[in-house]
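Undergrad: Be aware that the sequence shown starts at 123, since it is given in my numbering, and climbs by one per residue. Once you've had a glance at the structure underneath, I'll fire off some questions.
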Amino acid sequence: MLKKINILLAGTSARKKSLPQPAFIPETVKAGYFLPSESRLLLDTARRRQCLQSLWDNSTLPKTHYQALWLAPLHECVALMQQLPAAPQGLYAHQGGLIDVTLQCTAFAVRLAKGQMLPPGVAPETQAEQSVIWNTVVFYAALFHFLPILAQFDGELDDGKSWYPGLAVPQGPYRFRFKTPPVETRVACHFGGLLAGRLLPAKALTWLASIPDAFSSLFCILSGEMKEDDAIGQIITEALSQTGVPARFSVSAASPQIIASKSPDVSATPLSTAMESVLPSQRRQKDNTMTEIVSSAVRPVDEIPSTVMTVTSEKGMPPDGSTQQLLSLMGMNVAGTVTEQVIASEAEIVPPYTPMPSQHSVQATLQNENAIETPCIGEQFWDWLSAGLMQGVMTINTSKARIHLVSGFVFVSAPAIFFQFLGDKKQADGKEVSQKWKRVQTAFERLGRHRVSRGKCFCCCHLYDSADRTGSYQRVHGYLIKNTLLYRGRSVPEDSPFLMIS
Numbered sequence: 123m124l125k126k127i128n129i130l131l132a133g134t135s136a137r138k139k140s141l142p143q144p145a146f147i148p149e150t151v152k153a154g155y156f157l158p159s160e161s162r163l164l165l166d167t168a169r170r171r172q173c174l175q176s177l178w179d180n181s182t183l184p185k186t187h188y189q190a191l192w193l194a195p196l197h198e199c200v201a202l203m204q205q206l207p208a209a210p211q212g213l214y215a216h217q218g219g220l221i222d223v224t225l226q227c228t229a230f231a232v233r234l235a236k237g238q239m240l241p242p243g244v245a246p247e248t249q250a251e252q253s254v255i256w257n258t259v260v261f262y263a264a265l266f267h268f269l270p271i272l273a274q275f276d277g278e279l280d281d282g283k284s285w286y287p288g289l290a291v292p293q294g295p296y297r298f299r300f301k302t303p304p305v306e307t308r309v310a311c312h313f314g315g316l317l318a319g320r321l322l323p324a325k326a327l328t329w330l331a332s333i334p335d336a337f338s339s340l341f342c343i344l345s346g347e348m349k350e351d352d353a354i355g356q357i358i359t360e361a362l363s364q365t366g367v368p369a370r371f372s373v374s375a376a377s378p379q380i381i382a383s384k385s386p387d388v389s390a391t392p393l394s395t396a397m398e399s400v401l402p403s404q405r406r407q408k409d410n411t412m413t414e415i416v417s418s419a420v421r422p423v424d425e426i427p428s429t430v431m432t433v434t435s436e437k438g439m440p441p442d443g444s445t446q447q448l449l450s451l452m453g454m455n456v457a458g459t460v461t462e463q464v465i466a467s468e469a470e471i472v473p474p475y476t477p478m479p480s481q482h483s484v485q486a487t488l489q490n491e492n493a494i495e496t497p498c499i500g501e502q503f504w505d506w507l508s509a510g511l512m513q514g515v516m517t518i519n520t521s522k523a524r525i526h527l528v529s530g531f532v533f534v535s536a537p538a539i540f541f542q543f544l545g546d547k548k549q550a551d552g553k554e555v556s557q558k559w560k561r562v563q564t565a566f567e568r569l570g571r572h573r574v575s576r577g578k579c580f581c582c583c584h585l586y587d588s589a590d591r592t593g594s595y596q597r598v599h600g601y602l603i604k605n606t607l608l609y610r611g612r613s614v615p616e617d618s619p620f621l622m623i624s
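Below you can see the structure in the form of structure tokens.
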């Protein structure tokens, strides 16, 4: 699936122009006006960097695709919002409040989505194949959720010309005020949908459309028709609750006064309290990091705990089918090849516009991680699988085995093989393993050592009950890995008499 999205997005940067950044920024500005800023500067604050880091940590996309499909529209969105508040009064009424609530809600939503199996009610194999698309749908739905607020502003440049928030980036010092009376909610939602259509990467639409349910769910939400029983809608609603936003946008009676630049006046209490009350008790420990990120985002920078400022090493999962379509649409020629080159280490995979953490902060983070985090969980899985095969402790080539030799490859059934790995690690470590199978699958796929054929990394096989391959069989899905990579020069067993590639 990644191959198709690579083909689709090939040359996108050359054909699609980003929203313009401010052409000229003067050194001084009139009283009551704001200086326009580039998106990278607007995002370069401690709390916003924390949200960006959380997005990357919970993304299910490889770095290149993350930058093209997530970061690019995020930067364009931020450039449009500039220093606008999210409401005339309340938690996000401060300078830049619209960016803050957007980033925090999006970070929450993506984190919540990673902990769920999407779409609900389908087979685990289907969820594994589609989860990258559904995760991206959650990201877009949250990122564009507050765009209707931009319809509530009048803007003006310091030369007296009009500035239309949401339609263009200000090209000089600007000021703004809430419209009186406020724009109708219905009109504002249509305005937000128009902006979302401009910000969505055009080539990604074809990719999203490959899963009709995900595609329709996203556009229902963007058009203001979020359903309470919709899985994506529930995630967005919970993310809004955790960021302290009760409705689509909180624009009441607008103030007629032009808003001048001033320092934010925000309390940390509401968000931290809301997080504790919203999260079920069994999930509070799991989401503690995200609670700190959001609660710290409303405190002065010097009050943010050092543990929040470190970079977590958890990565998202590029799942099977939809991820391969993504690569293919972006033009990467991976069909029928076996990728043996290992991608860059996780320390090198840092999203653009996010400063590298200090060596001290990285070391502090790694010391606090579970032992299974170091080295990379993907490498741990690889070493466990390779050692088990070379030492002969793995059950292979039987009607019940999860591993089979076939045509020069090792077939490993997924997600069963990841559950087996986690079970062995739990037994060996003598304690609960924090990683779930999806995280292990993420790390394994990012190693790039499995076969990708015709844009698909998942292989479907028939596993027969009898060695003569007659009678009943079950369809199994998994990965094909070149046997020489796992056996490392050792003698390779005969092919399995029970397995046949379909």
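Using N, Cα and C, we set each Cβ at its ideal position, and we do this for glycine too. Values in this document were obtained by computation on a predicted structure and should not be read as measured data.
Can you find a C-beta in chain B that's less than 9 Å from the C-beta of Leu-191?
TA: Among the chains in the structure shown there is no chain B, since it carries only a single protein chain.
Undergrad: Rounded to whole angstroms, what is the Cα-Cα separation between Lys-384 and Phe-230?
TA: With a pLDDT of only 40 at Lys-384, under 50, the local geometry of the prediction cannot be trusted, and no value is derived from it.
Undergrad: Under 8 Å by Cβ, that's how I've got Arg-571 and Ile-603 pegged, so tell me the actual separation to the nearest angstrom.
TA: 6 Å
Undergrad: With C-beta atoms as the reference, is Leu-165 less than 9 Å away from Ile-221?
TA: yes
Undergrad: Tyr-595 by DSSP, collapsed to three states: which one?
TA: strand
Undergrad: How big is the Cα-Cα spacing for Leu-191 and Asp-281?
TA: 36 Å
Undergrad: What is the DSSP secondary structure of Met-516, reduced to helix, strand or coil?
TA: coil
Undergrad: Give every residue of the same chain whose Cβ lies closer than 7 Å to the Cβ of Ile-608, excluding the five residues on either side of it in the sequence, and list them in chain order.
TA: A small correction: the amino acid at residue 608 is Leu; Ile does not occupy that position in the sequence shown. Excluding sequence neighbours, Leu-608 sits near Leu-507, Ser-508, Leu-511 and Val-532.
Undergrad: Does the Cβ of Gln-172 have 16 or more other Cβ atoms within 10 Å, making it buried, or fewer, making it exposed?
TA: buried
Undergrad: Just mark Lys-548 as buried or exposed, buried being the case when its beta carbon has 16 or more other beta carbons within 10 Å.
TA: exposed
Undergrad: Could you give the distance in angstroms between the alpha-carbon of Ile-518 and the alpha-carbon of Ile-539?
TA: Roughly 12 Å separates the two Cα atoms.
Undergrad: Per DSSP, what kind of secondary structure is Arg-297 in: helix, strand or coil?
TA: Collapsing the DSSP output to three states places Arg-297 in a strand.
Undergrad: Beta-carbon within less than 7 Å of Val-200's beta-carbon, same chain only, minus the 5 sequence neighbours each way: which residues are those?
TA: Contacts found: Ser-161, Leu-164, Leu-165 and Ile-221.
Undergrad: By the DSSP assignment, the beta strand (DSSP E) with Met-622 in it spans what residues?
TA: For Met-622, the enclosing beta strand (DSSP E) stretches over residues 621-623.
Undergrad: Tell me whether Ser-508 sits in a helix, a strand or coil according to DSSP, three-state version.
TA: helix
Undergrad: Using the beta-carbon count (16 or more within 10 Å), is Ile-271 buried or exposed?
TA: Note on Ile-271: 16 or more other CB atoms within 10 angstroms of its CB, so buried under the neighbour-count rule.
Undergrad: Kindly indicate the opening and closing residues of the beta strand (DSSP E) around Leu-585.
TA: 581-586
Undergrad: Using only alpha-carbon positions, find the residue among Pro-303, Thr-302 and Gly-288 that is nearest to Gly-315.
TA: Gly-288
Undergrad: For a test of the three-state rule: what should DSSP assign to Leu-602, helix, strand or coil?
TA: Note: Leu-602 maps to strand in three-state DSSP.
Undergrad: Straight-line CA distance for Pro-440 to Leu-206?
TA: Here Pro-440 scores only 39 on pLDDT, less than 50, and its place in the model should not be relied on; the value that follows carries that caveat. Spanning the two alpha carbons is a distance of roughly 35 Å.
Undergrad: Drop a sphere of 10 angstroms on the beta-carbon of Asp-505, count the other beta-carbons inside from all chains shown, and report buried for 16 or more, exposed for fewer.
TA: exposed
Undergrad: What do you get for Tyr-601, buried or exposed, if any count of 16 or more other CB atoms within 10 angstroms of its CB means buried?
TA: Classification for Tyr-601: buried.
Undergrad: Distance, Cα to Cα, Leu-183 vs Thr-302?
TA: 43 Å
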